[in-house]
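These notes concern the structure reproduced below.
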Amino acid sequence: MSVRTLEVDGKMITALEGQTIFSAAWDSGIHIPRLCHLGGLSDVGACRLCLVEIDGQKRLQPSCMTKVAEDMVVRTNTPALRAHRRLIVELLLAERNHVCSVCVLNGACELQDLAAQLGVDHVRLRPQYPTLDVDLSHDRFGLDHNRCILCTRCVRVCDEVEGAHTWDVAGRGKNSRVITDLGEPWGESASCTSCGKCVQVCPTGALFSKGKTVADMRKDRGFLRYIVTAREKKLWIA
Amino acid sequence: MNRCIRIEPVTRIEGHAKITIEVDETGAVSSARFHVTEFRGFEKICQGRPFQEMPGLMARVCGICPVSHVLASSKAGDMLLGVEIPRAAEKQRRLVNYAQVLQSHALSFFHLSAPDLLLGFDSPAPKRNIFGLLAEDQDFARRGIRLRQFGQRIIETVGGKRIHPGWSGPGGVSRQFTNAQRDEILSWIPEVLESIHLALGRLKSLLDSFPEELNHIGNFPSLFLATVNDEGGLEYYDGTIRIVDSAGNCIAEHLDPTRYSTFLGEASEDYSYMKFPFYRPFGYPQGHYRVGPLARLNVARFAGTSLADRELREFKQRGEGAVCQSFHYHLARLIEMLHCAERIEELMADRDLFDDNIHAKASLNRREGIGSCEAPRGTLFHHYWVDKNGLMTKADLLIATAQNNHAMNASVEQTARRFLKPLEESNDFEEGMVNRVEAAIRCYDPCLSCSTHALGRMRLVVEIVNNGAVLRRLTRSGA
Chain A
1372 MSVRTLEVDG
1382 KMITALEGQT
1392 IFSAAWDSGI
1402 HIPRLCHLGG
1412 LSDVGACRLC
1422 LVEIDGQKRL
1432 QPSCMTKVAE
1442 DMVVRTNTPA
1452 LRAHRRLIVE
1462 LLLAERNHVC
1472 SVCVLNGACE
1482 LQDLAAQLGV
1492 DHVRLRPQYP
1502 TLDVDLSHDR
1512 FGLDHNRCIL
1522 CTRCVRVCDE
1532 VEGAHTWDVA
1542 GRGKNSRVIT
1552 DLGEPWGESA
1562 SCTSCGKCVQ
1572 VCPTGALFSK
1582 GKTVADMRKD
1592 RGFLRYIVTA
1602 REKKLWIA
Chain B
25 MNRCIRIEPV
35 TRIEGHAKIT
45 IEVDETGAVS
55 SARFHVTEFR
65 GFEKICQGRP
75 FQEMPGLMAR
85 VCGICPVSHV
95 LASSKAGDML
105 LGVEIPRAAE
115 KQRRLVNYAQ
125 VLQSHALSFF
135 HLSAPDLLLG
145 FDSPAPKRNI
155 FGLLAEDQDF
165 ARRGIRLRQF
175 GQRIIETVGG
185 KRIHPGWSGP
195 GGVSRQFTNA
205 QRDEILSWIP
215 EVLESIHLAL
225 GRLKSLLDSF
235 PEELNHIGNF
245 PSLFLATVND
255 EGGLEYYDGT
265 IRIVDSAGNC
275 IAEHLDPTRY
285 STFLGEASED
295 YSYMKFPFYR
305 PFGYPQGHYR
315 VGPLARLNVA
325 RFAGTSLADR
335 ELREFKQRGE
345 GAVCQSFHYH
355 LARLIEMLHC
365 AERIEELMAD
375 RDLFDDNIHA
385 KASLNRREGI
395 GSCEAPRGTL
405 FHHYWVDKNG
415 LMTKADLLIA
425 TAQNNHAMNA
435 SVEQTARRFL
445 KPLEESNDFE
455 EGMVNRVEAA
465 IRCYDPCLSC
475 STHALGRMRL
485 VVEIVNNGAV
495 LRRLTRSGA
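Chains A and B supply the protein sequences, listed in that same order.
Take any residue in the first sequence, count from 1 to its spot, add 1371: that is its number in the numbering used here.
Take any residue in the second sequence, count from 1 to its spot, add 24: that is its number in the numbering used here.
Below you can see the structure in the form of structure tokens.
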């Protein structure tokens, strides 16, 4: 596989052909913010937080979906990009009811961390305060739509890693919701294996283990690297 | 010509309220009422949320006594799970509850009421606060602040946060108690006991200089209600309800707090957002009762710790039967602080506290759960109903301050009648006398955000009304 050389934030880096800008930048210690990307899962470019400026292109590009090219010049952290990212986080916070103070993941939430990192000390947009359900029908896990940012990590991990494809997205626009099977309560899903991978990859407290109280939960994603590496190396095939 | 005095906002209390005093042609007080002007609606906010979230959510009812709400809510959750929690979890909850009673009482006594008591009811209003106290007696004021810090520090180290600790939930607590925490807490004890003794001595020596206030700021017969342990001793976390009357006779005992609705009713009046609880067998308003420090000391047969027991025996001699002067809430508060400090020291030697089994594992087993404990201001009840998945369908909170509502109104009226006389040369009233009306409220250390579970800023207003026309309106910004 050939190597490409490109400039990211003034730094010359090398990347493998076919690698995304996001991945190449992270390998070189340049951490582009993201919420929907998770190493080991396919990319969908849903959250738009990893948008970057590329010389010669008028539009901003999602770095998780854009492949590196020779002599590419990329900027990941300009004032304009920071303003865009801040607005995206504000939009996410205004869209549903994110109340950190009573959330199981308070203190360990990717959305909360990103908001802090981007200096979101208030939301300039009018909160929508939608009336959304909490699904506690599953024996071990709960789903709180109020905290869901529709990153679809749960959908991808369930489909690509667990192979159950219990999760999907129904509805359009602001009516979009993650659903189990054809919209049945999670506890009645015939395809769910109760493996809990969706809960661990969820960046917020939308998917949580039941019985946890405020700020009581920490997510462990170590399993993902283990499974994906083992699969790539065909460790389980005799 | 009738007139009306409105005190708005009432200062140096926790919450937002006003007092209205009606004055007739002769200048005599015809009626006086305490209005709580907040409305919040926590009972609605929690609907549709998981019951495991309730301790964290309900703690937000109050920033002064969040631990009480966390504990009552956790206990309601324990009942929903149908479990008996591990002993270490129970001991941790007890420890943090003692710490909270101590810090809340320190706030009430030193920050809110001591300026009246030590500087005088008639001292200049701009100096009648904690800063005035600091200027007058720096050591005493600092000790008060340090006492509060001690309580807050225990809450922080055990519960994870000074305000709204979320470490306790249905089934137990989430972190183990350590030797390092014990050592830090123990290092405070000598100073804490010394400061409380100092304050007790100071208050007791001052009581004789307030004969008027002592006998006319909320001195009336009523029932007293509090939680006691199996032997009838002082209890804050878990026990049964005991009720005594003003003669000290036991009206009821061994009442199960989870059946509170069978013996306590709630009436409402159109002038306040706060309800008026009463003891059902006596009806409303005859069944009105007082809760909190004064009630706990009247109800308990003994304290159970040596220093507090000595003070309690002396305290009980101040009344015939029960001590009925609400002014003695202050003294009761200091005795309770002593008891809490002793209990905290005792707990540090309890090996159960250090056990690593801190959480009972269970899923939802009941649809209705009730938790109660003694909050700094009195008995607190949380009553939850959930659906088959554990989502809240309804909540009912019975708050300590609300249970003192009738007594606060009676105290305001009694104080106004006794002290409020118009100045001859003007339509005005002496400021120090108006302050006494506010002080009647401060005896109860009301927490109005709790009692209405309401949204609002902290203000209190006194209004003087003449035939419906407001003659004078005394307003002050928050305490």
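Think of the CB as a built atom: it goes at the ideal place given N, C-alpha and C, for glycine as much as any other residue.
Just so we're clear, the structure is a prediction, and the values are computed from it rather than from any experiment.
Checklist entry - Can you check whether the CB of C1525/A is closer than 8 Å to the CB of V1622/A? => result As shown, chain A starts at 1372 and ends at 1609. That puts residue 1622/A outside it, with no answer to give.
Item to check | Residue-chain proximity (S1565/A, chain B), Cβ-Cβ < 8 Å | outcome: As a position in the first sequence, residue 1565/A is number 194, starting the count at 1. No, because no Cβ of chain B sits closer than 8 Å to the Cβ of S1565/A.
Next on the checklist: With a threshold of 8 Å between beta carbons, is A1577/A in contact with chain B?
Outcome noted: In the first sequence, counting from the first residue as 1, residue 1577/A sits at position 206. Not one chain B Cβ lies under 8 Å of A1577/A.
Checklist entry - How many angstroms separate the CA atom of R1596/A from the CA atom of A1395/A? => result As a position in the first sequence, residue 1596/A is number 225, starting the count at 1. As a position in the first sequence, residue 1395/A is number 24, starting the count at 1. Cα-Cα distance, rounded: 18 Å.
Checklist entry - S229/B and V94/B: beta carbons closer than 8 Å? => result By one-based count along the second sequence, residue 229/B stands at place 205. By one-based count along the second sequence, residue 94/B stands at place 70. No.
Item to check | For E455/B and R442/B, the rounded distance between their alpha carbons | outcome: Start at 1 with the first residue of the second sequence, and residue 442/B comes out as number 418. Start at 1 with the first residue of the second sequence, and residue 455/B comes out as number 431. Distance between the alpha carbons of R442/B and E455/B: 15 Å.
Next on the checklist: At the level of alpha carbons, what is the spacing between I1608/A and V1599/A?
Outcome noted: To locate residue 1608/A, count along the first sequence from 1; it is residue 237. To locate residue 1599/A, count along the first sequence from 1; it is residue 228. About 14 Å.
Checklist entry - Short check: CB of H1509/A to CB of G1582/A, under 8 Å? => result Position 138 of the first sequence, counting from 1, holds the residue named residue 1509/A. Position 211 of the first sequence, counting from 1, holds the residue named residue 1582/A. Taking 8 Å as the Cβ cut-off, H1509/A and G1582/A do not qualify as a contacting pair.
Checklist entry - At what residues does the beta strand (DSSP E) containing L288/B begin and finish? => result For the purposes of this step, residue 288/B is taken as residue 264 along the second sequence, with counting starting at 1. L288/B -> beta strand (DSSP E) spans 288-291.
Checklist entry - Which residue from E218/B, E236/B, S147/B puts its Cα closest to that of A440/B? => result By 1-based counting over the second sequence, the position of residue 440/B is 416. Nearest C-alpha to A440/B: E236/B.
Item to check | C-alpha distance - E344/B paired with A271/B, whole-angstrom precision | outcome: For the purposes of this step, residue 344/B is taken as residue 320 along the second sequence, with counting starting at 1. For the purposes of this step, residue 271/B is taken as residue 247 along the second sequence, with counting starting at 1. In a straight line, the C-alpha of E344/B is about 6 Å away from that of A271/B.
Checklist entry - Along the chain, where does the alpha helix (DSSP H) that runs through D379/B open and close? => result Position 355 of the second sequence holds residue 379/B. Taken as a continuous stretch (DSSP letters only), D379/B belongs to no alpha helix (DSSP H), as it is neither H nor E.
Checklist entry - Which same chain residues, not among the five before or five after S1560/A, have their C-beta less than 7 Å away from its C-beta? => result Along the first sequence, one-based indexing puts residue 1560/A at 189. Closer than 7 Å at Cβ, skipping near neighbours: T1537, T1551, D1552.
Checklist entry - Roughly how many whole angstroms lie between the Cα atoms of F302/B and A319/B? => result Along the second sequence, one-based indexing puts residue 302/B at 278. Along the second sequence, one-based indexing puts residue 319/B at 295. Straight-line Cα distance between these residues: approximately 15 Å.
Checklist entry - S92/B versus chain A: which residues are under 9 Å apart at the beta carbon? => result To locate residue 92/B, count along the second sequence from 1; it is residue 68. Per Cβ cutoff of 9 Å: no residues; S92/B is ~16 Å from chain A at best.
Checklist entry - Whose CA, out of G106/B, S233/B, H363/B, lies closest to the CA of R391/B? => result Position 367 of the second sequence holds residue 391/B. Cα-wise, what sits closest to R391/B is G106/B.
Item to check | Local Cβ density within 10 Å of N1546/A, reported as buried at 16 or more and exposed below that | outcome: Here residue 1546/A refers to the residue found at position 175 of the first sequence. Exposed, because fewer than 16 other Cβ atoms sit within 10 Å of the Cβ of N1546/A.
Item to check | DSSP three-state assignment for H406/B, whether helix, strand or coil | outcome: Reading the second sequence from its first residue, position 382 is the one you call residue 406/B. In this structure, H406/B counts as strand in the three-state DSSP scheme.
Checklist entry - CA-CA distance, C28/B and V34/B? => result Taking the first residue of the second sequence as position 1, residue 28/B is located at position 4. Taking the first residue of the second sequence as position 1, residue 34/B is located at position 10. C28/B and V34/B: Cα-Cα distance of roughly 16 Å.
Next on the checklist: Considering only the alpha carbon of each residue, which of L1464/A, G1478/A, V1415/A lies closest to P1498/A?
Outcome noted: In the first sequence, the residue the question calls residue 1498/A occupies position 127. When each option's Cα is compared against that of P1498/A, the closest is L1464/A.
Item to check | Unbroken beta strand (DSSP E) run spanning M416/B, endpoints | outcome: The residue you call residue 416/B lines up with position 392 of the second sequence. Per DSSP, M416/B belongs to the beta strand (DSSP E) from 416-422.
Checklist entry - Under the three-state reduction of DSSP, which class applies to Q1483/A: helix, strand or coil? => result Numbered from 1 along the first sequence, position 112 holds the residue referred to as residue 1483/A. Helix, per DSSP.
Checklist entry - To the nearest angstrom, how far is it from the Cα of G395/B to the Cα of E277/B? => result As a working note, residue 395/B is residue 371 in the second sequence. As a working note, residue 277/B is residue 253 in the second sequence. Going by the C-alpha atoms only, they are around 18 Å apart.
Checklist entry - Where G1381/A and T1447/A are concerned, what is the direct C-alpha to C-alpha distance, given to the nearest angstrom? => result In the first sequence, residue 1381/A corresponds to position 10, counting from 1. In the first sequence, residue 1447/A corresponds to position 76, counting from 1. Approximately 10 Å between the Cα atoms of the pair.
Checklist entry - Comparing alpha-carbon positions, which option in L141/B, H430/B, A100/B lies nearest S296/B? => result The residue given as residue 296/B occupies position 272 in the second sequence. Considering only alpha carbons, the answer is H430/B.
Checklist entry - Does DSSP put F326/B in a helix, in a strand, or in coil? => result What you label residue 326/B is simply residue 302 of the second sequence in a count that begins at 1. In the structure shown, F326/B sits in a strand (DSSP, three-state: E or B).
Item to check | Which listed residue (T202/B, P79/B, C89/B) has its alpha carbon closest to that of D379/B | outcome: Looking up residue 379/B in the second sequence gives position 355. When each option's Cα is compared against that of D379/B, the closest is T202/B.
Next on the checklist: Whole angstroms are fine: how far does the CA of V458/B sit from the CA of R152/B?
Outcome noted: For this step, residue 152/B is matched to residue 128 along the second sequence. For this step, residue 458/B is matched to residue 434 along the second sequence. Looking at the two C-alpha atoms, the distance is approximately 13 Å.
Item to check | Short CB-CB distance (under 8 Å) between R117/B and chain A | outcome: The sequence position of residue 117/B within the second sequence is 93, counting from 1. By this cut-off, R117/B is not an interface position.
Checklist entry - Within 10 angstroms of its Cβ, does V1374/A collect 16 or more other Cβ (buried), or is it exposed? => result Numbered from its first residue, the first sequence carries residue 1374/A at position 3. That one is exposed.
Next on the checklist: Here's the rule: buried if 16 or more other CB atoms are within 10 angstroms of the residue's CB, otherwise exposed. What is H188/B?
Outcome noted: Walking along the second sequence from the start, residue 188/B turns up at place 164. Burial call: buried.
Checklist entry - Does the beta carbon of Q76/B come closer than 8 Å to any beta carbon on chain A? => result Here residue 76/B refers to the residue found at position 52 when the second sequence is read from its first residue. At least one chain A Cβ lies under 8 Å of Q76/B.
Checklist entry - Considering only residues of the same chain and omitting the five flanking positions on each side of G161/B, which have a CB-CB separation below 8 Å? => result In the second sequence, counting from the first residue as 1, residue 161/B sits at position 137. It is worth fixing the name first, because residue 161/B is Asp in this sequence and not Gly. So the qualifying residues of the chain are L142.
Next on the checklist: Does V1379/A come out as helix, strand or coil in the three-state DSSP assignment?
Outcome noted: As a working mapping, residue 1379/A is identified with position 8 in the first sequence. Three-state result, V1379/A: strand.
Next on the checklist: Any C-beta of chain B within less than 8 Å: which residues of the stretch 1572-1601 of chain A qualify?
Outcome noted: K1581, G1582, K1583, T1584, V1585, A1586, D1587
Next on the checklist: Suppose only complete runs of 4+ residues qualify. What are the alpha helix (DSSP H) ranges in the stretch 256-309 of chain B, listed by chain order?
Outcome noted: 284-287
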